[in-house]
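Trainee: If you scroll down you'll find the structure; I have some questions about it.
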Amino acid sequence: MRHTISVLVTNEFGVLSRISGLFSGRGFNIESLSVAETLDPHVSRMTIVTSGDDKVLEQITKQLNKLINVIKVYDFTGEEHIERELALIKVNLTADSRAEILSIVDIFRAKVVDVSPRTYTIEITGDEEKIRAITDLFRPFGIKEIVRTGRIAMARSPKQK
Amino acid sequence: MTKKNGANILLECLIKEGVDTVFGFPGGAVLPIYDALYDSPLKHILVRHEQGAVHMADGYARALGKPGVVIVTSGPGATNTVTGIATAYMDSIPMVVITGQVPTALIGNDAFQEADIVGITRPCTKHNYLVKDLKDLPRIIKESFYIATTGRPGPVLVDIPKDVLTGTMNELKYPDKITIESYQPNYKGHPGQIKKALDLILSAKRPVVYAGGGVVLSNAAHELTAFAEKLGIPTTTTLMGLGAFPGTHELFMGMLGMHGTFCANMAVTNTDCLIAIGARFDDRVTGKIDEFAPYAKIIHIDIDPTSISKNVSVDVPIVGDVKDVLKEMVKALPQAKALKEHKKGLSEWLGQINEWKQTHALSYKQEPNGKIKPQFVIEKLYELTKGNAIITTEVGQNQMWAAQFFKYDKPRTFLTSGGLGTMGFGFPAAIGAQIAFPDSTVAVIAGDGSLQMNIQELATAVQYKLPVKVVILNNMVLGMVRQWQELFFDKRYSHTCISVAPDFVKLADAYGAVGLRAKKPSEVEGVLKEGLSVKDRPVLMDFRIDQFEGVYPMVPAGQPLNKMLLV
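Line by line, the protein sequences give chains X and H.
Heads up, the first sequence is in this note's numbering, so the first residue is 2 and it goes up one at a time.
Heads up, the second sequence is in this note's numbering, so the first residue is 19 and it goes up one at a time.
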């Protein structure tokens with residue numbers, strides 16, 4: 002089963018390789034990983050998408066917690082949360098396809114961020130499903146390149162009564 | 019005010035941490051440290067290979083319970099420490115390794131003697147540091163010792179570029195105490211879990227204590243003995259746990275696992291309540307994991323949460339310091355009268371244990387005119403020292419015989435590379451232990467193969483007049499591998515014959531040590547007596563043992579514990 006884990010770490014050099022080394026050394030999977038500073042510049046947040054059964058996830062969480070630089074580990078599984086990813090997609094362009102591509106962009110509330118005579122570069126944010134859906138729709142036109150950020154996640158705030 | 023350089027600051031920090039002995043080898047990048055050592059009160063032991071330094075610091079730490087400290091240079095000096103660090107990491111030994119590094123400006127340039135030792139040792143240290151600025155050095159040294167010695171102990175490496183060592187600072191402000199937000203080991207066991215565990219133990223009909231190296235590390239041997247005695251529970255230990263429970267105690271069943279006793283392995287297979295204390299269910303202990311302790315509810319006390327439910331799922335986990343938890347458990351035990359009643363209920367189980375002990379005791383046969391049996395040498399050593407010795411081992415058959423045939427009544431008297439299984443560990447570790455305890459008898463039970471992996475340290479032992487006793491069980495083969503070839507590879511003895519070896523007696527002489535040899539059983543006692551009487555230099559005792567002696571019982575890899583080859 003796939004899990005999205007949020008890891009707060011001290012913002013020091015070498016921490017990323019401690020985390021990635023832990024995953025490779027113990028045979029855990031990393032499907033995606035994204036890192037950036039938090040509000041506190043001494044702390045970074047890593048969002049890691051990984052997979053495994055409960056036993057593996059228990060080990061992943063414990064092993065992460067054991068690293069000296071790890072402040073907190075949070076597994077979003079089973080929690081109300083928002084997941085987002087950003088993708089840049091460069092799609093081939095012909096006179097015939099222009100309108101259809103733009104209408105897909107519109108439907109998905111994506112954005113064209115760069116135009117050349119032969120390509121559109123489209124920016125889209127959303128969950129994995131949405132990015133997969135738009136990619137599938139663009140495929141017939143020819144995707145020259147795609148770059149994705151990897152997933153980030155945040156817990157939903159408790160709803161007010 | 020005179021300014022101090024980084025090297026002086028470093029040594030001052032070490033002294034403030036209570037360090038009095040360091041093990042090391044000089045080189046370009048650490049010249050400033052060695053210059054500072056020249057007038058320092060620190061005792062520096064000059065080794066002959068950096069791996070030796072780490073094993074010595076390791077043996078020192080295991081024997082004394084204080085962290086071992088190593089100083090080596092950059093590049094090859096640093097990479098030579100890796101096996102030693104990995105050894106200490108696997109066995110949770112507190113240690114601080116200081117490595118020199120090329121000057122900050124040259125890092126990443128493939129400079130002379132540059133190696134990314136922080137990168138290399140990341141997976142085999144508890145934590146490591148590259149000091150980029152002299153002002154961070156005191157804090158980093160403080161943190162290193164704190165991390166190395168607290169929680170589940172382990173080695174910490176500190177890499178210091180040469181310009182940091184030569185940089186200057188006005189005064190040293192060494193922090194007294196330190197807290198690390200992201201590192202807060204938990205020592206107190208959860209009271210609810212402790213109660214649950216006790217209920218389970220008191221209702222068990224066939225309980226067994228399985229104690230590991232964590233009991234030694236936590237200095238909890240006394241608490242363990244009290245716990246087992248009060249409840250009348252038969253006890254087995256892992257290889258790392260030997261000495262954590264008195265080897266001569268009537269409740270002791272010997273070691274369990276691949277070369278464990280019949281009694282311990284049968285007891286663990288049949289128990290209904292297994293109390294794992296400071297142990298981690300290593301594959302050499304469990305055998306086939308699905309059939310390990312099949313009837314048991316398992317209680318697991320360990321300071322490291324990752325050890326719990328890693329290999330075996332546990333019914334009652336207790337995260338905490340073994341000593342602390344055992345104290346709490348003993349405190350919470352019922353009144354003496356109720357305990358007496360409880361113990362009565364265990365008499366049938368203890369009867370069964372004693373029967374297993376008697377019918378399948380560890381044994382060997384020494385023919386008076388036959389070849390020397392290794393077990394005979396070890397039993398004689400035990401007899402002559404009355405068990406009053408620190409024993410280290412190499413790795414392989416020698417290690418298993420030393421575990422089986424010497425009895426360890428006290429913790430920190432049996433030092434062995436259990437987790438990593440590092441050949442070449444025992445001899446330098448014995449040197450480290452002898453430095454920690456100059457007046458004790460320290461002996462390494464070695465094989466002829468392992469010993470040669472760090473034999474160069476003979477010069478170190480001679481230089482510092484250390485009377486380490488090297489008991490070579492010389493069978494001219496790599497015995498344990500040969501044993502596996504005999505049992506599982508059709509006796510195809512591929513590359514396990516090492517009969518081309520030095521004459522150990524002449525070798526001892528060449529180094530300025532004492533060399534002795536026994537070829538017949540009748541010579542064993544005399545050689546040991548003579549060797550034990552030497553007080554001012556190391557002794558190599560070359561016992562020519564039976565080449566085909568094996569280590570038994572043996573649970574073949576992947577088999578359940580009760581499927582032992584007995585022979």
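A virtual CB, placed ideally from N, CA and C, is assigned to each residue, including glycine.
Could you check what DSSP says for Met47/X in three-state terms: helix, strand or coil?
Mentor: Three-state DSSP puts Met47/X in a strand.
Trainee: DSSP puts Ala154/X in a beta bridge; with which residues?
Mentor: Its beta-bridge partners are Glu84/X.
Trainee: Ordered along the chain, which non-local residues of its own chain (more than five positions away) have a Cβ less than 7 Å from that of Thr150/X?
Mentor: Here the set comprises Ser35, Glu86, Leu87.
Trainee: What separation, rounded to the nearest whole angstrom, lies between the Cα atoms of Ile159/H and Val176/H?
Mentor: Taking the straight line from one Cα to the other gives about 8 Å.
Trainee: What first and last residue would you give for the beta strand (DSSP E) that runs through Ala461/H?
Mentor: 460-465 is the extent of the beta strand (DSSP E) around Ala461/H.
Trainee: Rounded to whole angstroms, what's the CA-CA distance from Arg1/X to Ser327/H? Just pull it up for me.
Mentor: The first residue shown for chain X is 2 and the last is 162, placing residue 1/X beyond what the model contains.
Trainee: Can you look up Asn127/H in the DSSP assignment and give me helix, strand or coil?
Mentor: The answer is coil: DSSP assigns Asn127/H none of H, G, I, E or B.
Trainee: Going by DSSP in three states, Lys61/H sits in which element: helix, strand or coil?
Mentor: It is a strand residue.
Trainee: For Thr95/X, count the other beta carbons within 10 Å of its own beta carbon; 16 or more makes it buried, fewer makes it exposed. Which is it?
Mentor: The residue in question, Thr95/X, is exposed, as its Cβ has fewer than 16 Cβ neighbours within 10 Å.
Trainee: By the criterion of Cβ-Cβ separation under 8 Å, what are the contact partners of Arg19/X in chain H?
Mentor: Residues of chain H passing the Cβ test: Arg140.
Trainee: Could you tell me the alpha carbon to alpha carbon distance between Met113/H and Asn188/H, rounded to whole angstroms?
Mentor: Met113/H and Asn188/H: Cα-Cα distance of roughly 29 Å.
Trainee: Can you tell me whether Ser331/H is buried or exposed? The criterion is at least 16 other CB atoms within 10 Å of its CB, across all chains shown.
Mentor: Per the 10 Å Cβ criterion, exposed.
Trainee: Could you list which residues in chain H have their beta carbon closer than 8 Å to that of Val71/X, in chain order?
Mentor: Going along chain H in sequence order, the residues near Val71/X (Cβ under 8 Å) are Ser200.
Trainee: Among all the DSSP beta bridges, which residues are the ones paired with Phe41/H?
Mentor: Bridge partners of Phe41/H: Ile63/H, Val88/H.
Trainee: Just the C-alpha distance for Ala479/H and Ala526/H, rounded to the nearest angstrom, thanks.
Mentor: If you take the alpha carbons of Ala479/H and Ala526/H, they lie about 11 Å apart.
Trainee: Using the beta-carbon count (16 or more within 10 Å), is Met273/H buried or exposed?
Mentor: Buried: at least 16 other Cβ atoms inside 10 Å.
Trainee: Can you pull out the residues from the segment 293-324 of chain H whose beta carbon lies closer than 8 Å to at least one beta carbon of chain X?
Mentor: Here the close residues are Asp322, Pro323, Thr324.
Trainee: Would you decide whether Phe41/H is buried or exposed? Buried here means 16 or more other CB atoms lie within 10 Å of its CB.
Mentor: By the neighbour-count rule (16 or more Cβ atoms within 10 Å), Phe41/H is buried.
Trainee: Report back the beta-carbon spacing between Val334/H and Lys248/H to the nearest angstrom; my notes put them in contact at under 8 Å.
Mentor: So it is not a contact: roughly 19 Å between Cβ atoms.
Trainee: Under three-state DSSP, which class holds Gln370/H?
Mentor: Helix at Gln370/H.
Trainee: With a cut-off of 8 Å, does the C-beta of Val136/H fall near any C-beta of chain X?
Mentor: Answer yes: the Cβ-Cβ gap between Val136/H and chain X drops below 8 Å somewhere.
Trainee: Do you know how far the Cα of Asn26/H is from the Cα of Ala54/H?
Mentor: Approximately 6 Å between the Cα atoms of the pair.
Trainee: What three-state label does DSSP hand Lys73/X in the structure shown?
Mentor: Three-state DSSP puts Lys73/X in a strand.
Trainee: So, at 7 Å on beta carbons, what are the nonlocal neighbours of Ala104/H in its own chain, with the 5 sequence-adjacent residues on each side left out?
Mentor: Excluding sequence neighbours, Ala104/H sits near Cys142, Leu438.
Trainee: Could you please give me the residues that DSSP links to Asp115/X through a beta bridge?
Mentor: Asp115/X is bridged to Thr122/X.
Trainee: Of all the options Phe24/X, Leu138/X, Thr136/X, which has the alpha carbon lying nearest to the alpha carbon of Asn66/X?
Mentor: That would be Phe24/X, whose Cα lies nearest to the Cα of Asn66/X.
Trainee: Got a sec: is the Cβ-Cβ distance from Glu59/X to anything in chain H below 8 Å?
Mentor: It does; some Cβ of chain H falls within 8 Å.
Trainee: Using 8 Å as the threshold, is the segment 536-549 of chain H in touch with the segment 245-262 of chain H, meaning 3 or more CB pairs across them?
Mentor: Touching, no.
Trainee: Could you give the distance in angstroms between the alpha-carbon of Tyr52/H and the alpha-carbon of Pro44/H?
Mentor: Tyr52/H and Pro44/H: Cα-Cα distance of roughly 7 Å.
Trainee: Determine, using beta carbons only, whether Leu454/H and Ala133/H come nearer to each other than 8 Å.
Mentor: Checking the displayed sequence, the identity of residue 454/H turns out to be Ala instead of Leu. For Ala454/H and Ala133/H, no; Cβs fall outside 8 Å.
Trainee: Apart from the five residues just before and just after Lys306/H, which ones in its own chain have a Cβ nearer than 7 Å to its Cβ?
Mentor: If we look at Lys306/H and ignore the five residues flanking it on each side, its Cβ neighbours are Gly576, Gln577, Pro578.
Trainee: Return the bridge partner residues of Gln119/H from the DSSP annotation.
Mentor: DSSP, once it has assigned bridges, lists Pro179/H as partnering Gln119/H.
Trainee: Would you mind listing the beta strand (DSSP E) stretches within the segment 433-487 of chain H that are 3+ residues and don't spill past its ends, in chain order?
Mentor: Segments of the beta strand (DSSP E) lying fully in the segment 433-487 of chain H: 460-465.
Trainee: I'd like the list of long-range same chain contacts for Tyr599/H, defined as Cβ closer than 6 Å, with 5 residues on each side in sequence excluded.
Mentor: Since the first and last residues shown for chain H are 19 and 585, residue 599/H lies out of range.
Trainee: To which residues does DSSP link Thr5/X through a beta bridge?
Mentor: Thr5/X pairs with Val50/X.
Trainee: Quick check on the DSSP output: the beta strand (DSSP E) that includes Gln52/H runs from which residue to which?
Mentor: According to the sequence provided, residue 52/H is Tyr. The question's Gln does not apply to it. Here Tyr52/H belongs to no beta strand (DSSP E); instead the alpha helix (DSSP H) covers 49-55.
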